[in-house]
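The letter at position 113 of the sequence shown is residue 113 when you use the UniProt record's numbering, and the numbering goes up by one with no holes.
Each residue gets a CB set at the ideal place from its N, CA and C atoms; glycine is no exception.
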Amino acid sequence: MCLTCSIVKADILPVGGIIYKDDYVVLHHCIDINIPGYLILSPLRHVESYSDLNQMEIQHIGIIMKFGVTALEKMDGVEKVYVANFGEETTHFHMHIFPRYKWMLNDLSKNIYTDNKVDGAKLFCFCRKHYKTVPNRMKQNNVLAAIESIRNLFLP
Ligand SMILES: [Zn+2]
């Protein structure tokens with residue numbers, strides 16, 4: 001069973017629970033990368049490419065992605081928010097909404113630079129390896145607090 005479909009069907013509950021869900025999309029925290037506010041946005045339907053999305057899914061992805069990015073930009077220490085789709089591990093189409101924190105740049109040994117500029121792709125890849133954990137350890141750190149502050153921004 002696809003991981004995202006399992007989350008849609010509530011067979012798997014991501015850390016902090018579902019942040020937002022409607023008839024078309026679901027937004028939740030990444031289940032196993034210990035970076036506060038790292039969000040995953042997916043259509044409910046199992047499709048594998050942006051080109052498979054219907055008009056309503058595209059609209060909801062766009063609107064909720066803006067909410068997610070805006071929420072992360074308001075968080076302490078976030079200096080940039082990346083959005084990306086890869087679909088290598090989980091083929092169910094999903095957008096990564098990934099906060100870049102100031103503390104990520106402190107350790108120069110991370111090799112996250114290309115030509116002395118921060119390389120977003122390298123940083124994303126490094127962080128996904130370095131901060132990977134198991135779901136039941138995700139409650140450590142500030143993940144739950146981040147989820148709560150993001151959820152509050154979605155409330156009317
Ligand atoms: Zn799926």
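| Item | Value |
| --- | --- |
| Select from Ile97, Met75, Lys122 the residue whose C-alpha is nearest the C-alpha of Ser109. | Lys122 |
| Helix, strand or coil for Phe93? Go by DSSP, reduced to three states. | coil |
| Using only alpha-carbon positions, find the residue among Leu153, Ile35, Ile58, Ser51 that is nearest to Leu41. | Ile58 |
| Do the CB positions of Ile63 and Lys132 come within less than 7 Å of each other? | no |
| Going by DSSP, which residues form a beta bridge with Val47? | Bridge partners of Val47: none, in fact. |
| Between which two residues does the beta strand (DSSP E) carrying Glu88 extend? | Note, Glu88: premise wrong, no beta strand (DSSP E); not H, not E. |
| Measuring only from the beta carbon, is Thr4 closer than 6 Å to any heavy atom that is part of ligand 1? | yes |
| Residues in the same chain with beta-carbon distance under 6 Å from Ile12, minus the five sequence neighbours each way, listed in chain order, please. | Ser6 |
| Can you determine whether any heavy atom of ligand 1 sits closer than 6 Å to the C-beta of His92, and answer yes or no? | yes |
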